[in-house]
Structure formats: structure tokens, C-alpha cells
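Q: Sending over a structure as C-alpha cells; questions will come in a sec.
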Amino acid sequence: TGSSLRFNKTMSDPLRTHALSLFRHYYKRSPTILFQYDLAIPVEDARATLVREFRRHRDLHDPTLRRELIFKADKDLEETKNLWKTRTQILEMINTQKPDIEPEDAREIEEQIDDVVERFIRGEGEFGPNYPI
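Counting in the working numbering, the sequence shown runs from 5 upward without gaps.
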């Protein structure tokens, strides 16, 4: 009877039913979307992002916000299926292009870049007078 209770709960909430349907569509179409947009991203990564995004909004109870999110997800899926999005937009959705960098690491990276630029301007190191232009 536990499964029937779950089924009834799902059926009593049309927004939840719609969200689950959207999830299934996105999940099933992930390989096709990656192929159509010629993205060298593992299907598992795309699906992991999908799961993470849906779970992030799992505890949202405001019906107005839920309807808005579902509407946006519907439009995103339609635009993606019709190839109206750019590769960059798909990459941003999958979020593989944005690694999480700690502030300390970011400062260290900036310092390294500044050091390379300074050496380049002074013509030192690998950027010396014999550097091919």
C-alpha cells in the first residue's frame, strides 16, 4: 500500500506530476541533446546536473514559484529540442564550464597571471628577445 499512497500523493499535485514529467523528458533526451549540439560531455555529467537542479527546488512549496519554474523548464526544453539555443547556452545549463574555485585559489591564479604578464612586458624568461613573434 505504500506505493499506492505515493501514487495518490503524486496524482493529487498536478505541479509535481508535471515536474516529474519534465524531469523524465530531460533525462531521456540528454544523449540526443548532447549529440545535436556536438558536445563532448559525458551523458552522466549532464544527467547529474539535471538531478542536482531538480533536487535544488524539491522543497519549494509556493505554487506560484513552482508554476514559474515549470513554465521556464518547459520553454527551455522546447527551445533546446528545436535547436534554438546556442552551444554556449547548453554548456551553461550543464555547468561544466564553471569549476568551483576557492577565493584563495583564485587569488593565487591571478598572481600567477600577473607574473606572466609582467615577465612578458619586460621581455624576460620564455618571453625574452628571441621569442618568436
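Just so you know, even glycine gets a beta-carbon here, dropped at the ideal spot from N, CA and C.
Consult DSSP for lysine 89 and reduce its assignment to one of helix, strand or coil.
A: coil
Q: What did DSSP end up calling tyrosine 41 once you bin it into helix, strand or coil?
A: Coil.
Q: Counting only the same chain and skipping the five closest in sequence on each side, list residues whose C-beta sits under 8 angstroms from that of histidine 29.
A: Leu81
Q: Considering only residues of the same chain and omitting the five flanking positions on each side of leucine 19, which have a CB-CB separation below 7 angstroms?
A: Pro67, Arg70, Arg71 and Ile74
Q: Would you say valine 55 reaches chain B, if we count a Cβ-Cβ gap shorter than 8 angstroms as a contact?
A: Considering every chain present, this structure includes no chain B. It has just one protein chain.
Q: Measure the alpha-carbon distance for leucine 26 versus alanine 44 and round it to whole angstroms.
A: 24 angstroms
Q: Using a 10 Å radius around the Cβ and a threshold of 16 neighbouring Cβ atoms, would you call alanine 110 buried or exposed?
A: By the 16-neighbour rule on beta-carbons within 10 angstroms, alanine 110 is exposed.
Q: Give the secondary structure of aspartate 63 by DSSP, where H, G and I count as helix, E and B as strand, and everything else as coil.
A: coil
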